[in-house]
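Chains as they are written, first to last, in my numbering: chain L, 1 to 290; chain B, 1 to 290.
Just so you know, even glycine gets a beta-carbon here, dropped at the ideal spot from N, CA and C.
There are 2 protein chains.
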Amino acid sequence: MTTRRASTTRWYAEKDPFSPINYRYPKPKLLYSEKSRFQHIQVMETEFFGRMLVLDDVVQLTERDEFLYHEMLAHVPLHAHPRPTKVLVIGGGDGGTLREVLRHPTVKQATLVELDPQVVQVCKKYLPTVAVAFDSPRARVLHQDGAVFLRESGERFDAILVDSTDPVGPAKSLTTKAFFSAARDSLTPKGLFVMQSESLHFHADLVREMQETLRGVFPYVDLYAVPLATYAGNWWTFSIASKAPIARAPVRAVLPDTRLYSEEMHRACFVPARARETLLAMGAGPYRRP
Amino acid sequence: MTTRRASTTRWYAEKDPFSPINYRYPKPKLLYSEKSRFQHIQVMETEFFGRMLVLDDVVQLTERDEFLYHEMLAHVPLHAHPRPTKVLVIGGGDGGTLREVLRHPTVKQATLVELDPQVVQVCKKYLPTVAVAFDSPRARVLHQDGAVFLRESGERFDAILVDSTDPVGPAKSLTTKAFFSAARDSLTPKGLFVMQSESLHFHADLVREMQETLRGVFPYVDLYAVPLATYAGNWWTFSIASKAPIARAPVRAVLPDTRLYSEEMHRACFVPARARETLLAMGAGPYRRP
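Rendered as structure tokens:
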């Protein structure tokens, strides 16, 4: 094995306070770096991953693998609903979730509520294959706090997808019981709420806490996951909740042109009970030898 | 977000020539470091992962998460066989796979063929919860090249599990058509061959190559996976092959005391067809914008 690379390579090192492994990307090209009102926005490029969106020094997406996250966040709930017509995305200023939502021909309107307008502008310029759907006539884009929007709008949705940064700073208000209750009250009777809920490997305490808070608000709560290379901890979870039973298989024909999502993937993605019990019981503290 | 940690922390950085992300572990305590005849063996400890076995500067296992890898490598094939009695492990000098194999009461003898005796000695001393089964009367431990053993022993096995390092250096001989053919000829009629086959995210070319080589040798070949936090690329695959159809569900009662493996996990772990096609077609080269 060569050891030469380590001494000569320039690296971009994430500053992720939640990760027990630090991820470094070789030979980054910095394309954009500005502080918005809310956060430090960077776009960089590496040979393997293509362009990457980095917020407050944590990688949010890469061109190479963003489809894994966005397809799973959008298509599991939207295929578990018999006919989604109105969909709300909270966060997701890169546009990847919006792009996937609007692939469903039943969807008449997708509302995206993103706090930081500068993220949307930057992604339109630097990540055109991700930010491809903002100009759709079926898209409505609002720049305000998602929790405030839910509390005040009075609208009803068939699916609410929370595509947030880690639950600190701007996204902290999105993991409270009050927020989940407002989401429940904004769903149609068969509507689904889904939220990215961090890593089973690295953030099990957080996964458990979100699942428990959701169970206090919704009668049906489940957990599915997908392995992501560029989120530290990688076994990435999505907490899904509803006032009606949640289908662990598609309830209608699946979209023909997805790259990852499929009927088979829908059936396989729910975290098996024994795995969930073991990992949530381990938590996210220091390792204790049995 | 704090940026303080990055400037004051000591790190252990892997030197993994196959990874487009470099993994760094904070505040490692080095417990052992020696060069054996075959490789550089290190044992270190971090707060989150406990002790870690590191070979040629690539992390091979950690106390915290080794059960995920070892359970999946052993229990999927052993639950897909009606009554495994003789099992061969090639590599796996840490003893974790052997430990899982010997949990099956049907197994009368498990043979472990590990090239490097020093790995076994080090793991017995520093990783006692992993290297727990070497002294079992049902365990036979040989120190030689696994490919040579298979070619020359004339023995028959119900399962052959290849628990190797990355397929470079000492492990390169374990991915050839000749080796797979010798494995096929050493299996009983319903016997199963399984080999760790690297990451869907980072090593898709290698996964594809191993799957194709196996298809040239075995009539039945499949691919399953589990997300591992400490192997770069993390969506870790296992290539499974047999002369008989391979069960995608357990064919007998599952062990009661596993931490990850379960009937539900067995059914969920096979990589869905659409995901497999997309990721293997992407390969492991630089990102190309469509």
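Subject >> ALA159 (chain L) beta carbon less than 8 Å from that of VAL87 (chain L) >> reply: Yes, the Cβ-Cβ distance between VAL87 (chain L) and ALA159 (chain L) is below 8 Å.
Original post:
Alpha carbon to alpha carbon, how far is GLY233 (chain B) from PHE202 (chain B)?
Top reply: So the alpha carbons of these two residues sit roughly 5 Å apart.
Subject >> Short Cβ contact (8 Å threshold) for ARG184 (chain L) with PHE67 (chain L) >> reply: No; because the gap between Cβ atoms is not below 8 Å, this pair is not in contact.
Original post:
Whose C-beta lies closer than 7 Å to the C-beta of ALA204 (chain B) among residues of the same chain, with five residues either side of it excluded?
Top reply: In chain order, LEU279, LEU280, MET282, GLY283, ALA284 place their CB closer than 7 Å to the CB of ALA204 (chain B), counting only its own chain and leaving out the 5 sequence neighbours on each side.
Original post:
So is SER19 (chain B) buried or exposed if we call it buried at 16+ other beta carbons inside 10 Å?
Top reply: Buried is the call here.
Original post:
Going by the CB atoms, is the gap between LEU61 (chain B) and LEU73 (chain B) shorter than 8 Å?
Top reply: Not a contact, by the Cβ cut-off of 8 Å.
Subject >> Bridge partner(s) assigned by DSSP for MET52 (chain B) >> reply: Note: MET52 (chain B) sits in a beta bridge opposite B:MET44, B:THR62.
Subject >> Neighbourhood of LYS124 (chain L) by C-beta, 8 Å cutoff - its chain only, sequence neighbours within 5 removed >> reply: Cβ neighbours of LYS124 (chain L) within its own chain (closer than 8 Å, five residues either side excluded): GLY95, ALA131, PHE134.
Subject >> Classification of ARG99 (chain L) by the beta-carbon crowding that lies within 10 angstroms, buried from 16 upward >> reply: Classification of ARG99 (chain L): buried, given that the 10 Å Cβ count is 16 or more.
Original post:
Going by other Cβ atoms of all chains shown within 10 Å of its Cβ, with 16 needed for buried, is GLU198 (chain L) buried or exposed?
Top reply: Label assigned to GLU198 (chain L): buried.
Subject >> Runs of alpha helix (DSSP H) lying entirely within the stretch 99 to 129 of chain B, each at least 4 residues, in chain order >> reply: You should have 117 to 126.
**OP:** Decide if GLU71 (chain B) is buried, meaning its Cβ has at least 16 other Cβ atoms within 10 Å, or exposed.
**Re:** By the beta-carbon neighbour count (other beta carbons within 10 angstroms, threshold 16), GLU71 (chain B) is buried.
Subject >> Expected contact under 8 Å - CB spacing of TYR32 (chain L) and GLN39 (chain L) to nearest Å >> reply: With 8 Å as the limit, TYR32 (chain L) and GLN39 (chain L) do not qualify as a contact, their Cβ atoms being about 13 Å apart.
Subject >> Residues near GLU155 (chain L) in its chain [Cβ-Cβ closer than 7 Å; skip 5 each side] >> reply: Correct list, in chain order: SER186.
Original post:
By DSSP, does GLU14 (chain B) sit in helix, in strand, or in coil?
Top reply: In the three-state DSSP reduction, GLU14 (chain B) falls in the coil class, being neither helix nor strand.
**OP:** Specify the secondary structure class of GLN39 (chain B) as computed by DSSP and reduced to three states.
**Re:** Here DSSP, grouped into helix, strand and coil, assigns GLN39 (chain B) to coil.
Subject >> Closer than 9 Å at the beta carbon, the chain D residues around GLY50 (chain B) >> reply: Structure shown: chain D not included; protein chains present are L and B.
**OP:** Give a yes or no on whether the C-beta atoms belonging to VAL194 (chain B) and ILE240 (chain B) are separated by under 8 Å.
**Re:** VAL194 (chain B) is a Cβ neighbour of ILE240 (chain B), given a cutoff of 8 Å.
**OP:** Could you give the DSSP three-state label for VAL207 (chain L): helix, strand or coil?
**Re:** In the three-state reduction of the DSSP assignment, VAL207 (chain L) falls in the helix class, which pools H, G and I.
Original post:
Considering only C-alpha positions, which residue in the set L:GLY92, L:ASP16, L:LEU112, L:THR129 is nearest to GLY50 (chain L)?
Top reply: For GLY50 (chain L), the nearest C-alpha among the options comes from L:THR129.
**OP:** Indicate whether GLN144 (chain B) and VAL122 (chain B) have their beta-carbon atoms separated by less than 8 Å.
**Re:** At least 8 Å separates the beta-carbon of GLN144 (chain B) from that of VAL122 (chain B).
Original post:
Would a check of beta-carbon distances place GLY233 (chain L) closer than 8 Å to chain B?
Top reply: It does: the Cβ of GLY233 (chain L) has a partner Cβ on chain B nearer than 8 Å.
Original post:
Among the residues of its own chain, which have a CB less than 6 Å from the CB of THR188 (chain B), if the five just before and after it don't count?
Top reply: Result list for THR188 (chain B): ARG156, ASP158, in chain order.
Subject >> Which of helix, strand or coil DSSP assigns to SER33 (chain L) >> reply: Residue state, collapsed to three classes: strand.
Original post:
Of all the beta strand (DSSP E) runs that stay within the bounds of the stretch 155 to 221 of chain L, which reach a length of 3 or more residues?
Top reply: Segments of the beta strand (DSSP E) lying fully in the stretch 155 to 221 of chain L: 157 to 163, 187 to 199.
**OP:** Reducing DSSP to helix, strand and coil, say where ARG24 (chain L) ends up.
**Re:** Residue state, collapsed to three classes: strand.
**OP:** Report yes if the C-beta distance between ARG274 (chain L) and GLU63 (chain B) is below 8 Å; otherwise report no.
**Re:** Not a contact, by the Cβ cut-off of 8 Å.
Original post:
Using the beta-carbon of each residue, which ones in chain B are nearer than 7 Å to THR175 (chain L)?
Top reply: Within chain B, no residue comes near THR175 (chain L); the closest Cβ sits about 17 Å away, beyond 7 Å.
Original post:
Can you give the Cα-Cα distance for LEU214 (chain L) and LYS177 (chain L), rounded to whole angstroms?
Top reply: Annotation: LEU214 (chain L) to LYS177 (chain L) spans about 7 Å, alpha carbon to alpha carbon.
Original post:
With C-beta atoms as the reference, is LEU142 (chain B) less than 8 Å away from THR97 (chain B)?
Top reply: The answer is no: Cβ separation not under 8 Å.
**OP:** Taking only beta carbons into account, state which residues of the stretch 209 to 239 of chain L come closer than 9 Å to chain B, listed in chain order.
**Re:** Sequence-ordered contacts of the stretch 209 to 239 of chain L with chain B read ALA225, VAL226, PRO227, LEU228, ALA229, THR230, ALA232, GLY233, ASN234, TRP235, TRP236 [C-beta pairs closer than 9 Å].
**OP:** May I ask which residues mark the beginning and end of the alpha helix (DSSP H) holding ARG151 (chain B)?
**Re:** Where ARG151 (chain B) is concerned, the enclosing alpha helix (DSSP H) stretches over 146 to 153.
Original post:
Is the Cβ of LEU102 (chain B) closer than 8 Å to any Cβ of chain L?
Top reply: No - not a single Cβ of chain L is within 8 Å of the one on LEU102 (chain B).
Original post:
Using DSSP with H/G/I as helix, E/B as strand and the rest coil, what is GLY91 (chain B)?
Top reply: Looking at GLY91 (chain B) - three-state DSSP - the assignment turns out to be strand.
Original post:
Excluding five sequence neighbours on each side, which residues of the same chain lie with their C-beta closer than 7 Å to the C-beta of ARG4 (chain B)?
Top reply: Unreliable placement is indicated for ARG4 (chain B), whose pLDDT of 43 sits below 50; no coordinate value is reported for it.
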